[in-house]
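Numbering (my numbering), first residue to last: 1435 to 1536.
Ideal Cβ positions, reconstructed from N, Cα and C, are used throughout, including at glycine.
Because the structure is a prediction, the values reported are computed rather than measured.
Reviewing the structure listed below.
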């Protein structure tokens, strides 16, 4: 079992409830994704995943990223991304919900 994924209930829900969502962690994660080039800002509030994020990681073996994006890149390169956080946007949401070990 991947130690980065916290236990899920039979319905796929986390042991933790939505009250544990940390909006600042999500914003910080998205900003780090933007700095790395895996996401971009559209307008003042909307952030979207770059369509070629996989290629960006694959063609840049020395791609630098701040936490938690460095962890996302390592998981991607080792083919260990869980389906529920297999894109930069999903990863930031899971990170903000405490589903990714820091």
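- Taking the Cα positions, residue 1461 is about 16 angstroms away from residue 1521.
- When DSSP states are grouped into helix, strand and coil, residue 1503 belongs to the helix group.
- Residue 1476: member of the beta strand (DSSP E) spanning 1473 to 1476, first to last residue.
- In the three-state scheme derived from DSSP, where H, G and I count as helix and E and B as strand, residue 1519 is classed as helix.
- In the structure shown, the three-state DSSP call for residue 1484 is coil.
- The beta carbon of residue 1491 is closer than 8 angstroms to those of 1472, 1497, 1507, 1510, 1511 in its chain, skipping five residues each way along the sequence.
- Contact check for residue 1528 against residue 1500 fails: the beta carbons are separated by 7 angstroms or more.
- Within the same chain, 1473, 1474, 1476 come within 7 angstroms of residue 1482 by CB-CB distance, once the 5 residues on both sides are set aside.
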